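Residue numbers (our numbering): -16 to 59.
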């Protein structure tokens, strides 16, 4: 798999895409999540968000509830 290069999509796109309102579904943010897939900073972004306990926004292609599951000690 080739790594993407260039600026992160969240740095050049509509910032509202990366800040879902509580209760909105993943489908409503599919464009932002798709932009994260090829982002050169995806792994670092997700690692930061999990380590920092970010409770809002899409980070590394995951919604807050998805990151919370990832950060759980019993997550596989």
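Every residue, glycine too, gets a C-beta built ideally from N, C-alpha and C. All figures in this text were calculated on a predicted structure; none of them were measured in a lab.
Exposed unless 16 or more other CB atoms sit within 10 angstroms - verdict on residue i
i	result
residue 43	buried
residue 15	buried
residue 32	buried
residue 11	exposed
Beta-bridge partners of residue i, as assigned by DSSP
i	result
residue 45	42
Whether residue i touches residue j by CB criterion (9 angstroms)
i	j	result
residue -10	residue 40	no
residue 19	residue -2	no
residue 37	residue 9	no
Query - Uninterrupted alpha helix (DSSP H) stretches inside the region 8 to 38 (no shorter than 4 residues) - result: For the region 8 to 38, whole alpha helix (DSSP H) runs of length 4 or above, ordered along the chain, are 13 to 20, 25 to 35.
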